[in-house]
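The sequence shown begins at 0 in numbering that gives the first Met the number 0 and counts up by one. Heads up, the beta-carbon is just placed ideally off N, CA and C, and yes, glycines get one too.
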Amino acid sequence: MEKRPNIVLIMADEMRGDCMGFAGHPDVKTPYLDTLGTGGVYFPNAYTSCPSCVPARAVLHTGLSPASCGRVGYQDRVDWNYGCTMAGELARAGYYTQCVGKMHVHPLRSNLGFHNVELHDGYLHAYRRPDTPGYEDQRAADDYFYWLKQEKGISADVTDTGLDCNSWEARPWIYEEKYHPTNWVSDRCIDFLRRRDPRMPFFLMASYVRPHAPYDAPQCYFDLYRDKELAPPLSGDWDDRDALARDGRVFNNTRGPIDPELIRQQQIGYYACISHLDHQIGRLILELIERQLMDNTVILFISDHGEMLSDHCFVRKSIPYQGSIHIPMMIYGPERLIGRPRTETAVTELRDIFPTLMELAGAEIPAHLEGESLLHPEREALHGEHTYGELSNHFIVTPRDKYIWFSQTGREQYFRLDTDPGETHDAIADSRYAGRIAELRETLIRQLAGREEGFTDGTRLIPGRPVKAMLHNAEEPNC
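Structural data, given as structure tokens:
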């Protein structure tokens, strides 16, 4: 009887879908990811349906849409009580399940069905504030922070560079490279491969915090881009430059930076973190090769969401533009398991990972899941959303176009992604597309029908309805 395959899910945090060499990026260098992408199955139309850390991970772990898992925006310190999770179902199917790195769940040490978690969530403001029960518990609960303190003999932290975890500033890591959290995740994954039970198939989730800010890769990675002429951020005829002029010098804002040199430093720091991540993924791949596991191991690579990186005068995520919602997604493994190397153009999403892993494991896919297996994807359009104050938004995206509705203002946008992938022209007023826009608007109305916020009466979209990050079903078990 053929052994069930091992599964390695590599997850980056805040990595754009275009920031890989084989995907055509003119500047960033990713030789190991290029190997996975060209030798496996690549999904160029992969998206996150709720582009920030917490809701994107809820979608991943439950295989459900944001509305169905109840998380339609970012909110910390709300219990994760899901009754059916990706790791839990693989464990039931006979896999040993291990996560190393970021979980970003509540409580901090919730395992979500993993047999074991070695945790590093990055810097979490919500778990360090004086008004948080168990103030500063993150430093004790987070395995990386605990290890770093033991290793350095001081209260070392990832913010010792002077960079915030949501900043657009950048500077090199101030300690030896071996102490960087990206290296730590690879170290602990490699140690898991040493100590695993060789009689059991394993599911290993390597969940890296970078390239999420702070942009603090080791110096040698900054040097790769320091003297390189970098492509400028994308701009369009709809950019709000008045807002950039108003807010572009405000620290930790969704606008900015306005200073061209700070924009360049932001790009250098972000690309440096990606190349550093790529090399650490390479370490993990090489370990799988040395342990002669590759002939029965499937590797998947994804990110939770992207980063606007000053495109269209925005930074960070949570908004419905490509820099924020388009993510990398690929599967690499033996042809007998995934088929021949190819590009799949269907629209794919994080909810698709759960059923894909179950199919690879030869296990029954829970009937309530809303994702579809990436081994035979067919989705033609995806509804996404994010509660984000005045910028709260919904979108319908297809391989060729995108419709956006901002729920608080009623503003609409339409982009032809097939001819304008950089979203440089907002075609919402173009009469040539009136029929198509009406079709996508109707699709969104159907998606929002019956929602507790009252976004539609079934015939039209209703702007200005109160929004929330958590729906009533957020803490209800889903199976």
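Check	Outcome
The segment 92-112 touching the segment 352-369, judged by at least three CB pairs closer than 8 Å	yes
Under the three-state DSSP convention, the category Tyr432 falls into	helix
Exposed unless 16 or more other CB atoms sit within 10 angstroms - verdict on Thr344	exposed
For Gln412, the three-state DSSP class (helix, strand or coil)	strand
Helix, strand or coil at Pro354 according to DSSP, with G and I counted as helix	helix
Which residues DSSP lists as bridging Cys272, in chain order	According to DSSP, Cys272 bridges with nothing at all.
Length-filtered (4 minimum) alpha helix (DSSP H) runs lying within the segment 15-73	30-38, 52-61, 65-68
CA nearest to the CA of Tyr178, picked from Phe191, Arg195, Asp159	Asp159
Close-in-space but distant-in-sequence residues of the same chain around Glu411 (CB under 6 Å, 5 per side omitted)	Trp404, Ile427
Met0 classed as buried or exposed, judged by whether at least 16 other C-beta atoms fall within 10 angstroms	Caution is warranted here: a pLDDT of 42 is assigned to Met0, below 50, making its placement in the model unreliable, and the coordinate value is therefore given only provisionally. Exposed, since its Cβ has fewer than 16 Cβ neighbours within 10 Å.
Reference Ser185, options Arg464, Ala11, Ile364, closest by Cα	Ala11
Straight-line gap, Asn295 to Glu334 (C-alpha atoms, nearest Å)	10 Å
Where Phe221 sits in the DSSP three-state scheme	helix
Proximity below 8 Å, CB of Val71 to CB of Cys52	no
Whole-number beta carbon distance between Pro365 and Asp310, since they are thought to touch under 8 Å	In fact, because the Cβ distance is near 37 Å, the residues do not count as touching under 8 Å.
Residue interval of the alpha helix (DSSP H) (run including Tyr143)	142-151
Which of helix, strand or coil DSSP assigns to Gly100	strand
Under the three-state DSSP convention, the category Val346 falls into	coil
Closest by C-alpha distance to Ile267, when choosing among Trp79, Leu192, Gln218, Ile173	Gln218
Proximity to Arg15 [Cα-Cα], best of Ser323, Arg341, Arg378	Ser323
Residues near Val249 by beta carbon distance below 7 Å, same chain, minus five either side	Gly255
Coil, strand or helix - Gly383 by DSSP	strand
Close beta carbons around Arg290, own chain, < 7 Å, minus the five adjacent residues each side	Leu192
Asp120, buried or exposed, once every other Cβ within 10 Å from all chains shown has been counted against 16	buried
Straight-line Cα distance separating Pro30 from Met199	31 Å
Helix, strand or coil at Tyr214 according to DSSP, with G and I counted as helix	strand
Rounded C-alpha distance that separates Phe313 from Met469	25 Å
The segment 369-378 / the segment 71-85 touching (three or more Cβ pairs under 8 Å)	no
Residue burial classification, Asp239 (beta-carbon count within 10 angstroms, cutoff 16)	exposed
Cα-Cα separation between Asp456 and Leu390, rounded to whole angstroms	22 Å
Reduced DSSP secondary structure (H/G/I, E/B, other) of Leu390	coil
Stretch pair the segment 413-423 + the segment 447-466: three plus CB contacts closer than 8 Å	no
Contact belief for Arg352 with Pro327 at Cβ below 8 Å, rounded distance in angstroms	Checking the sequence shown, residue 352 turns out to be Ile, not Arg. Ile352 to Pro327, Cβ: 13 Å. No contact.
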